[in-house]
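One structure below.
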Amino acid sequence: MSKKAERITPRSEDYSRWYLDVIRQGSLAEPAEVVKGCMVIKPHGYAIWEKIQRALDDMFKATGHQNAYFPMLIPESFIKKEAEHVEGFSPELAVVTHAGGKELDEPYVVRPTSETIIGHFFSRWIESYRDLPLLINQWANVMRWELRTRMFLRTGEFLWQEGHTAHSNHEEAKQEVIRMLNIYAKFAQEWMAMPVIRGLKTQSEKFAGALESYCIEAMMQDGKALQAGTSHDLGQNFGKAFDVKFQSKQGSTEYVWQTSWGVSTRLIGGLIMTHSDDNGLVLPPKLAPVQVALVPIFGKGADEGAVKEAGEKVAAGLREKGISVVFDTREYKPGFKYFEWEQKGVPIRLELGQRDLDKNQVMLKERIAQGKEPATLDGLADNILERLDKMQTGLLSAAQKRLDDNTVEVDSYDDFREIFSGAESKFVWAHWDGTMETEAKIKEETKATIRCIPLEGSKEAGRCMVTGAPSTQRVVFAKSY
RNA sequence: CGGGGCGUAGCGCAGUCUGGUUAGCGCACUUGACUGGGGGUCAAGGGGCCGAAGGUUCGAAUCCUUUCGCCCCGACCA
């Protein structure tokens, strides 16, 4: 029995345990313990977040958004200004009541999201239609005192990006909502290799204070859904609550139309649960902080200096082509390093020893391939770039296949209940009558929720599987995280 | 808040039921030698307020009371 078998729990037995093991062994994060419900993101985990940040930030900038920063503490009265918002967030607020050695006149809440304080400043920044649209993004931490937390998926404090925009008319705001939703979907597919369903949240699942919330939903390896990103049409709700007005071309005074949209460190959880296997983390090359781990082999008959020198040269050659390489010269045995890099999800491992030097080659092992093979040093970088590219698309198609294989259309509620009777989950496309009562009944009886009213797929009409009332299109049900 | 686990070395745990040498094991760590192509071997070391506070006792990791915290499963949510 190998050590790895002792350490990693097969996902079939206990998915949750497997997930935590991958995080721990991949050295991504650990529970903060001393801070309830929070986690410490370790360097390797944070490096993945930085890759995500950079990619998204480029996309935001390319669509005309600017980064800004707003305070972490929000006057309690701000939160109370929008009725639905306060109702939705009150239960999970952390509140600062004392500072400077005395009780504060008005408590501050630690931001759970920044619509309110940004609304306050928008009202000062916006005066004319010429100031619109105002397209702002903030990279920040937020805090929500959740009842139950899970590493990366739901932590007391988490890192995210929240976009906040103001527009002169509803139509333009709606376009922004969909534009950003599409950017999220594109990022999920092209960078994370994680296919998603875009859709509209039901009224009971929407953001507190929004008119409508859109989302991208991804399927994890156990068939459960993960809400991976959201984009909200806030209408004039916050505009009215914070008096964000502008003078139109015609001279009238109007409230702005706002949007907000965000993705969080939850994406890392999604990444883990989408691709990883029983050997640990698997990262899509585009988001892997280390794309190539080069392991030198020093042994009997090896000229250590020559191997080191050759290794440096190989690493430099790859870096020149934009490949991120770690030349791992630490004083550990090669086998130890192999396992470590594998658990950290490094896409490609190279081994370089005297034998290889003699043959002008390295040994190459892909993270998800079986064996290893020799690769000549001539044109190595191009070889690797091609492989990384292939791995990226390979991961996406594997995830897409899993999504397709676990997606079904269902017309009878009996069949529906059967699917969700055990611990398993699938994406079930079924007709629903559009009422909150039916939605609640289904959730109560099966634990499955409406993930979204999908934008994709056919829009054929039908009859609700529960009540038989008419339905204009199928909606997506699943158990979720 | 309900249900279930658990706090003993950096990590993972045994010991607790049935109190009794100097509190133990694996991994990790340090030093040295041999090693080195899939988690090395041998030898020698370092590291503990047994979660906290009270109590019972000649004697407490162990029994009693109180308390703090963590993890997992539900209800709430990105």
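Using the working numbering, you'd call the opening residue of the first sequence number 2 and step up by one each time.
Quick reminder that beta carbons are idealized off the backbone N, C-alpha and C, glycines included.
Excluding its 5 nearest sequence neighbours in each direction, Ser265 has C-beta neighbours in its own chain below 7 Å: Phe159, Leu160, Trp161, listed in chain order.
Taken through DSSP and simplified to helix, strand or coil, Lys225 comes out as coil. At the C-beta level, Lys480 and Gly224 come within 9 Å of one another.
As a beta-bridge residue in DSSP terms, Cys216 pairs with Gly200, Thr231.
In the structure shown, the three-state DSSP call for Ser398 is helix. Runs of the alpha helix (DSSP H) lying entirely within the stretch 254-309, each at least 4 residues long, are 267-276 in chain order.
Two segments are said to touch when three or more pairs of C-beta atoms, one from each, lie closer than 8 Å; by this definition the stretch 82-96 does not touch the stretch 52-70. Residue pairing by DSSP puts Lys246 in a beta bridge opposite Tyr256.
Less than 9 Å divides the Cβ of Trp433 from the Cβ of Thr439.
Lys402 counts as exposed, since fewer than 16 other beta carbons sit within 10 angstroms of its beta carbon. Taking the CA atoms as reference points, Asn238 sits about 29 Å from Leu154. Bounds of the beta strand (DSSP E) holding Ile454 are 450-455.
Within 10 angstroms of the beta-carbon of Arg149 lie fewer than 16 other beta-carbons, which makes it exposed. For Phe79, no beta strand (DSSP E) run applies; the uninterrupted alpha helix (DSSP H) run containing it begins and ends at 77-80, by DSSP. Excluding its 5 nearest sequence neighbours in each direction, Glu104 has C-beta neighbours in its own chain below 8 Å: Thr98, listed in chain order. Of Gly236, Ala226, Pro286, Tyr339, the smallest CA-CA separation from Ala194 is found for Pro286.
Here Lys345 is not near Gly271, since their CB atoms are 9 Å or more apart.
By the Cβ-count criterion, Gln259 is buried, with 16 or more other Cβ atoms from all chains shown falling within 10 Å of its own Cβ. Rounded to the nearest angstrom, the gap between the Cα atoms of Pro375 and Leu351 is 9 Å. In this structure Tyr215 does not touch Leu268 by the C-beta definition: roughly 17 Å separates them, more than the 8 Å allowed. Put simply, the backbone Cα of Leu389 is about 39 Å away from that of Val36. Considering only Ala311, Glu321, Tyr130, Pro348, the residue with the shortest C-alpha distance to Thr330 is Ala311. Taking Asp244 as the centre and dropping the five residues before and after it, the same chain places the C-beta of Ser124 closer than 6 Å to its C-beta, in chain order.
In the DSSP assignment, Thr166 is bridged to Leu136, Thr260.
Between the C-alpha atoms of Gly27 and Trp342 there is a straight-line separation of about 8 Å. Listed in chain order, the beta strand (DSSP E) elements of length 3 or more contained wholly in the stretch 457-481 are 475-479. Pairwise C-beta distances place the stretch 416-431 out of contact with the stretch 165-177, as fewer than three of them are shorter than 8 Å. Membership of Thr408 in any alpha helix (DSSP H) is not indicated; the residue belongs instead to the beta strand (DSSP E) covering 408-411. Judged by beta-carbon spacing, Glu321 lies beyond the 9 Å limit of Ala370, meaning their Cβ atoms are not closer than that value.
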